[in-house]
Amino acid sequence: MTPSKPSQDSANYLFLVLPRFALLWVCILLIPISFFFKIWWLLFITVCLTCLGIYNINQKRHAILRNYPISGHIRFLFENFRPEVRQYFIEGDREEVPFSRLQRSIVYQRAKDVDSTTAFGSLNDLSKPGTDWFLHSGRSHKISDHNFRVRIGNERCNQPYDLSVFNISAMSFGALSAAAIESLNKGAKEGGFAHDTGEGGISPYHQKHGGDLIWQLGTAYFGCRDEQGKFNPETFVQRASLPQVKMIEIKLSQGAKPGKGGVLPASKITEEIAATRDIPMGIDCISPPTHPEFSTPRELVHFWQRLRELSGGKPVGFKLCIGMPWEFMAIVKAMIEEDNYPDFIVIDGAEGGTGAAPVEFMDSVGMPLVDALIFVQNTLVGAGIRDKIKVGVSGKVISGFDIAKLMGLGADWCNSARGFMFAVGCIQSRSCHTNKCPTGVATQDPARQKALDVPDKSRRVANFHQNTLKALAEIVGCAGLNHPNELMPHHIVRRQPDGWIKLLSEHYQFIDSGSLLTGNCGRRVLDDMWKLADPNSFQAMTIADEIVDAQNERTRAHQEHCT
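In structure tokens form, the structure reads like this:
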């Protein structure tokens, strides 16, 4: 019997393994050498790396570390630092990921009250399709008072509020640190503008400096809920009666994750968060995707009237990211039939990003802000009720030009979330959901929060607001106007894909006042949606089927006409 020989496969395996384990072999060989020559620091390093390599060979979670037990960690190191390397060394000044270096620089400079003017011409490619610019006037003038405001409150409101046209958008205590919330609210107090609480409730840090608050109520009713998570009118009255609370906002959905609820793990619920949100410690807190208090458009109308009465007549409205268009139209129909209108509506664009969300929701769900604003503007105008409701917008608002363009398209005011985060010190590390924010803005880690100096950061928040409104005033003045609410779509031009230019009044289709009520607004899709919207139901599938039937009927009529 001939002795067995190693198989060719085994030889090939050893040939392949030796190079992959090369660093491990080197470490093993260096152990006796460093011990013999008493190089203790080298001995310590090689022993640690050897132990790491042996562990990685036997672990089963990472295939790359089993094949490359030491050098494989270099790959993970590069992966971890890739966003920072790209942000600081690779990306262009105008490459938005999601905010460009120039956008961030504008905020930093204005927050520090540093001159943000530039020289040697624009970096924009003005011939690029989609580029927008303002038309200036020969009647341009300087506007001395840039404290632009809009009055919120219709005839049912007993306590109308004069709101700045630029405010802090919804960000909750819990998502942001205590120091960040305190800085934002103190800055709002110093600058004379409003601070939206987000759905996380009114914390002590919102109240400490007395800045004006827009109290947001989400689906979990944090701050006014009972033990079962349902709306509690008694606790609502207590908080709504606070002098700081100027407006009350029902959150239907948000741009970062429209149509999705949330879970706050028990491990993240601190005593402060539990007290602010009226939730117990040690139990996961669930935010449902929809409101328990209403399930139809008509019930929503009744709910905001109830909040208006409980609050003593303060302005009440709702915020949403537009999804199925007929659902918003159903709400509008319910308003008209009930003869009861919200004091305001806030449109959150799909560009919103302060809420952590699955990538599918962040990238592919919800209507972008400008498209949503045009739709809402047309719906309210077409229904003949635009003058009864004020409209706010939020979604990547940074500069005076951003505000001017959105107000020209129909908004009455703008909110910014990430802009004010930059003013507080955010560097766009995109680690908000990890509780390891490097600047202490989006974390509950007490050690990291200490990086924020509230007096300094609050001053920067106020500076950013004031300097942005100054820039807005210059744009309004150069158009020969006195207030941004005078801006119209024809003040803005857009470069078209074919190289020609159009006024935004031509680029977008706007309908006449009351035209939806006649059934012939000039845009068939809006007429169809309006006919199918049901003030008693949010049922989308039934409506969608009727849309298909209506389209099929038009097709048959067209074919019969042709024959």
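Under our numbering, the final residue of the sequence shown carries the number 1241; numbering is consecutive throughout. The beta carbon of each residue, even a glycine, is placed where N, CA and C say it ideally should be. Only a predicted model underlies this, so the values are computations on that prediction, with no experimental measurement involved.
Between S861 and V1132, the C-beta gap is smaller than 8 Å, which places the two residues in contact. I735 sits exposed, since fewer than 16 C-beta atoms from the chains shown fall within 10 Å of its C-beta.
Counting only the Cα atoms, G1103 lies some 8 Å from L1130. Rounded to whole angstroms, the gap between the alpha carbons of I1189 and I784 is 36 Å. Of the candidates R788, D803, G799 and S1215, the residue whose Cα lies closest to the Cα of A1012 is S1215. Taken in chain order, the complete beta strand (DSSP E) segments of 3 residues or longer contained in the region 827 to 890 are 827 to 830, 839 to 842 and 844 to 846. Ranking Q737, D1021, G933 and F909 by CA distance to the CA of F972 puts F909 first.
Cβ-Cβ distances below 6 Å link N863 to H873, H884, H887 and G889 in the same chain, with the five nearest sequence neighbours on each side left out; the list follows chain order.
Beyond the five residues adjoining it in sequence on each side, E1029 comes within less than 7 Å, by CB distance, of G933, P1046, L1047, G1073 and K1074 in the same chain, given in chain order. Nearest neighbour of I732 by Cα position, chosen from A741, I748, H740 and F722, turns out to be I748. For G1027, the closest alpha carbon among the candidates G1001, G1118 and V1010 is that of G1001. One Cα belongs to R827, the other to S842, and the distance between them is close to 4 Å. Per DSSP, L708 is not a residue of any beta strand (DSSP E); the alpha helix (DSSP H) it occupies stretches across A700 to F714. Going by C-alpha positions, F1053 is about 16 Å away from L1210. Per DSSP, W719 lies in no beta strand (DSSP E) segment; the continuous alpha helix (DSSP H) that holds it begins and ends at W718 to N736. For the 8 Å CB-CB criterion, D1065 and C835 do not form a contact. Membership of M1007 in the alpha helix (DSSP H) is indicated by the continuous run P1003 to E1016. Contact annotation: the region 940 to 952 does not touch the region 905 to 925, with fewer than three C-beta pairs closer than 8 Å. With at least 16 other beta carbons inside 10 angstroms of its own, V1059 counts as buried. C705 sits buried, since 16 or more C-beta atoms from the chains shown fall within 10 Å of its C-beta.
Measuring C-alpha to C-alpha distances from H824 to each of D1176, F996, L1147 and G1200 identifies L1147 as the nearest.
In this chain, the beta strand (DSSP E) harbouring E927 covers V923 to K929. The alpha-carbon of T809 is positioned some 5 Å away from that of R1173.
A direct Cα-Cα distance of roughly 12 Å separates I711 from V725. Per the DSSP secondary-structure output, C963 pairs in a beta bridge with L942. Nearest Cα to Q922 within the set F871, P958, E949 and L720: F871. Beta-bridge pairing by DSSP links S1094 to I846. Across the structure, I1067 and E1016 are spaced so that their CA atoms are roughly 15 Å apart. A distance of 8 Å or more separates the beta carbons of F812 and I1105. Counting every other CB atom within 10 Å of its CB across the protein chains shown gives E1005 a total of 16 or more, marking it as buried. Around the beta carbon of H1143, 16 or more other beta carbons sit within 10 angstroms, so the residue counts as buried. When C-alpha distances from V979 are compared across F996, L707 and G990, the shortest belongs to F996. Remark: C-beta atoms of A848 and A1050 do not approach each other more closely than 8 Å. DSSP places D1205 in no beta strand (DSSP E) but in the uninterrupted alpha helix (DSSP H) bounded by R1202 to L1210. Using a Cβ distance threshold of 8 Å, E877 and V1024 do not count as a contacting pair. Excluding its 5 nearest sequence neighbours in each direction, H1168 has C-beta neighbours in its own chain below 6 Å: L1181 and S1183, listed in chain order.
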